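One structure is given below, encoded as structure tokens.
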Amino acid sequence: MIKFLVRTFIKDYDKTENKKVREDYCVLGGVLGAACNILLFLVKLFIGLAMNSIAVMSDAFNNLSDMGSCIVAIIGAKMSNRLPDKEHPYGHGRFEYISSLIVSFIIMIVGFELLKTSFGKILHPEELSLSVVMIIILALSLLVKLWMYFAYSYIGKAINSSVMRATAKDSINDVISTAAVTAATAVGYFLPFQIDGFVGLIVAAYIIYGGFKIAKETIDLLLGTPPSEELISAIGGEVMSHEEICGIHDLIVHDYGPGRIFASVHAEVPDNSDFVHVHEIIDSIERSVLTSMGVQLVIHMDPVTVNNERVDSLKNLIRGIAKSVDESCDIHDFRITDGEENINAIFDIIIRDKYKPEEREAVVKEIKRRTAEQDPRLNLVITVDEVFA
């Protein structure tokens, strides 16, 4: 059904790289979610009041928070699609991440309110009024939430939207919590003591946990996370597909929101190349990456010595020593200044498994020590690179 709705209400629905189409997907998901959640809220609130069940009313207000989340998602989609301006030259794409954070806060606030209400219900229990019809209606609401989960998941995957993925996770959480409430309400009616407040407590805690998890994932995006393996592979594959490029390193990706990704990479080229020709190749690579991946790529040329037996021999020796110290090590930008009694080997090193400065320093010292044992003339001039990808 969601595919039918997408085809019906979104023009050029298959052009998901288009910013306007992407916005329309988010708006459609938000409108559908808001409509379904307000319906579920009203139904569950009525049933909760009729049954005098705090657990059912807790679940109802969870749906109300979901409706607020859908409205925030719509606003976020609209705001994130605004054009760059003087104050925000990289665009407004991170509004989507901020929207996800607001959604998580709404979820947690509702959860804490329900937590407080559930404690009151435990301290002052009231008799439940059970109806088979009400239980059936609650069970049917599960199907609505399950459909919403699949709808949000489809949209989130189609346009790579953090807000839609977060809303999908919240929906499947609702399926679990509503199922727990429905089962506990039915079972609790036949027990000699009230479990309604305890179930409400569990549902509230589950809501808070879901909101916290979404907040953490969103904050990670705002702080900056490593690019995906797929993106690294795609950019690396495109750059290395040209015979003029013999190596790449220092790939850095900046994410300013979906469709607003900037990257830079160092491309190693033979130092005897025709640099005018290589520059033309690099320009074509940058255009190709922008067209195919939507990534604004800047490539820096690093001339390196190739097919030099002495340089290659020393490079392989030192790379092997580095690997023997720490398997995660790799070296690049290798060059030497040769002499009879002193050979300077100058290069950058990546130490992927070490993040503390003292750990990196220890690895560098050990590499220098083992190299000196192999050839005392070798003097290593090492720059430790940060790992961004």
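Numbering (the working numbering), first residue to last: -5 to 383. Ideal Cβ placement from N, Cα and C applies to all residues, glycine included. Quick caveat: nothing in here was measured; it's all calculated off a predicted structure.
For the set Ala160, Asp8 and Ser165, the Cα lying nearest the Cα of Trp141 is the one of Ser165. DSSP, reduced to helix, strand and coil, places Thr377 within a strand of the structure shown.
Between Ile131 and Ala180, the CB-CB gap reaches or exceeds 8 Å.
With 16 or more other Cβ atoms from the protein chains shown falling within 10 Å of its own Cβ, Met51 counts as buried. Distance from the CA of Lys72 to the CA of Phe106, rounded to the nearest whole angstrom, comes to 30 Å. The Cβ atoms of Ala54 and Leu39 sit closer than 8 Å to each other. Inter-residue distance for Leu95 and Ser235 is about 39 Å (C-alpha atoms, whole angstroms).
Within the stretch 250 to 333, the beta strand (DSSP E) runs of at least 3 residues that lie entirely inside it are, in chain order, 255 to 264, 289 to 298 and 323 to 331. The Cβ-Cβ distance between Val25 and Ser63 does not fall below 8 Å. In this chain, the beta strand (DSSP E) harbouring Ala339 covers Ile337 to Ile345. When rounded, the separation of the alpha-carbon atoms in Glu353 and Val319 is 12 Å.
Shown here, Gly150 sits in a helix according to DSSP, grouped into three states.
Val169 is the residue among Cys20, Val169 and Cys323 whose C-alpha sits nearest the C-alpha of Asn56. Annotated three-state conformation of Ile239 is coil, per DSSP. Checking the DSSP bridge columns, you'll see His248 partnered with Phe256.
DSSP, reduced to helix, strand and coil, places Leu372 within a strand of the structure shown.
Val197 places its beta carbon less than 8 Å from that of Leu108. The alpha-carbon of His86 is positioned some 16 Å away from that of Leu217.
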